[in-house]
Structure formats: C-alpha cells, structure tokens
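Notes follow the structure.
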Amino acid sequence: MSDAPNVSPSSRMPGFLQALLSKARPPEWVVDEMQNRVILFLNHVLMAEPQAQARLRRQMGKPVRVQWGDFHLTLAATAAGLLERPHASAKADLSVTLTQTSPIALAQSVIAGNRPGVDIQGDVQLAAEVAWLVDNVRWDLEEDLSRIVGDGAAHTLVRFASAAAQAIKGFVDRGPGGFGVQISKDPSPTRTNEPTA
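The sequence shown begins at 14 in this note's numbering and counts up one residue at a time.
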C-alpha cells in the first residue's frame, strides 16, 4: 500500500483548470473581435442610460485600461457618451487591474455577488465616474429579451436563469468539495447534509 495521501480527483480539478486556463491564449484576431463585441454590448447598455452617457461625455477621449492577467481592454468615451477603442498607442489616463489571478476564484467571487479586488491608478475624477457607472448602470436582460421573444417568455427565461444562478451560487458557497463534500485534513472526505439516524 502506498504512503501517498488519498487525494480525490475533484480536489485537484480547480488547480488543473487554473493551470489550463492560464496557458490558454486565443489568437489575436479572436481577442480583437471579443473586445469589439464587449464595446458593442457596453454601448447597448449605455444607450438606455442618458445620465451615464452625460457623465461619459465629460470624460471624452480619456482612455481607461482594464487589465486581468494577460488580457486587457482599453476604452475611451466618445462625444456621444458611448465607448470606443482608442488608438493602440493611446496612453491610459486610468488603469484598472483585477488583482484576482485565478479564473476559478474570480468566477466564484462574481457568482457569490462579491466585487473582485482591483488596483486603480490614474485620473481621480475619471476613476470616480467609472465607479459611478459600475454602481449605477444595470443591464435589463428581461426587457431586451421581451423585444425578441415576448414579455411572458422573457419573464420565464429570466426566472429560470436566476434560479440557475442561485443554484450555482449555492454550489460555490458549499466550498471546494461541492456537492456537500468538504475537504478536510483527513484523507477521506466527509459528507454533509446526510440524514441522521
């Protein structure tokens, strides 16, 4: 019999996924297209928020660089109060770096409703406007879906998505073992929520 501790495959999975995701890098054209799609989505959301557009107009042309690991996106406000990607050589007036390096931990934090840790450097007024946007601008998924599938179907889809998100949050809240399995120093996992005799 081996002296190695009995480690379950599920306890190694987050480390494996983290290593895999940290090495995966899509081609530049994919990154470029994803960034364009993010800008389109953000502008779609902003178009429903006149106050947000007014705030962005005051910061027109000031680049903001958002960084997470190797991935980054630089945005700047336009005269219309929307966003665009500035020229690649533009120096950012504000830099926002997500400090959480693990994609798994970042996803768990967001699903749990927590804000990820960030490091912010640069223009204080621009940072205040970005903070206001983050705190006050929301995407109304149900309203957008209702234009495509109708009010009743949109309401049902959003309720389903909300229930799924709550289920995922519950899974994340149970810890790294998930499904009621808790990792302990004892090599054999213990089950929780088992009926008592």
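For glycine and all other residues, C-beta sits at the position ideal for the given N, C-alpha and C.
- Message: For residue 166 and residue 151, I'd like the C-alpha separation in whole angstroms.
- Response: Working through the sequence shown from its first residue, we reach residue 166 at position 153. Working through the sequence shown from its first residue, we reach residue 151 at position 138. In a straight line, the C-alpha of residue 166 is about 21 angstroms away from that of residue 151.
- Message: Assuming residue 135 and residue 112 are in contact, meaning their beta carbons sit under 8 angstroms apart, how far apart are those beta carbons, in whole angstroms?
- Response: Here residue 135 refers to the residue found at position 122 when the sequence shown is read from its first residue. Here residue 112 refers to the residue found at position 99 when the sequence shown is read from its first residue. Approximately 16 angstroms separates the beta-carbon atoms of residue 135 and residue 112; this is outside 8 angstroms, ruling out the contact.
- Within the same chain, show all residues whose beta-carbon is closer than 6 angstroms to that of residue 74, passing over the 5 residues directly before and after it, in chain order. In the sequence shown, the residue the question calls residue 74 occupies position 61. Within the same chain, residue 74 has close Cβ partners 89.
- Item | Segment limits, beta strand (DSSP E) that includes residue 38 | The residue you call residue 38 lines up with position 25 of the sequence shown. Note, residue 38: premise wrong, no beta strand (DSSP E); not H, not E.
- Task: Could you round the C-beta distance between residue 87 and residue 76 to whole angstroms and report it? I think they count as a contact, below 8 angstroms.
- Result: Taking the first residue of the sequence shown as position 1, residue 87 is located at position 74. Taking the first residue of the sequence shown as position 1, residue 76 is located at position 63. Rounded to whole angstroms, the Cβ separation of residue 87 and residue 76 is 5 angstroms, and the two are in contact under 8 angstroms.
- Message: Suppose contacts are defined by Cβ-Cβ distances below 7 angstroms. Is residue 108 in contact with residue 78 by that definition?
- Response: In the sequence shown, counting from the first residue as 1, residue 108 sits at position 95. In the sequence shown, counting from the first residue as 1, residue 78 sits at position 65. Yes, the Cβ-Cβ distance between residue 108 and residue 78 is below 7 angstroms.
- State yes or no: is the C-beta of residue 114 within less than 7 angstroms of the C-beta of residue 80? As a position in the sequence shown, residue 114 is number 101, starting the count at 1. As a position in the sequence shown, residue 80 is number 67, starting the count at 1. No, Cβ-Cβ distance for residue 114 and residue 80 is not below 7 angstroms.
- First and last residue of the uninterrupted beta strand (DSSP E) at residue 111: Here the question's residue 111 lines up with position 98 in the sequence shown. Looking at the DSSP string, the run of the beta strand (DSSP E) that includes residue 111 is 107 to 111.
- Spell out the partners DSSP gives residue 66 in its beta bridges. To locate residue 66, count along the sequence shown from 1; it is residue 53. Residue 66 is not bridged to any residue.
- Task: State yes or no: is the beta carbon of residue 47 nearer than 7 angstroms to at least one beta carbon in chain D?
- Result: As a matter of chain content, chain D is missing from the structure shown, which is built from one protein chain.
- For residue 169 and residue 38, the rounded distance between their alpha carbons: Your numbering for residue 38 matches position 25 in the sequence shown. Your numbering for residue 169 matches position 156 in the sequence shown. Here the alpha carbons of residue 169 and residue 38 stand approximately 36 angstroms from one another.
- Distance, Cα to Cα, residue 139 vs residue 146? Position 126 of the sequence shown, counting from 1, holds the residue named residue 139. Position 133 of the sequence shown, counting from 1, holds the residue named residue 146. Rounded to the nearest angstrom, the two C-alpha atoms are 11 angstroms apart.
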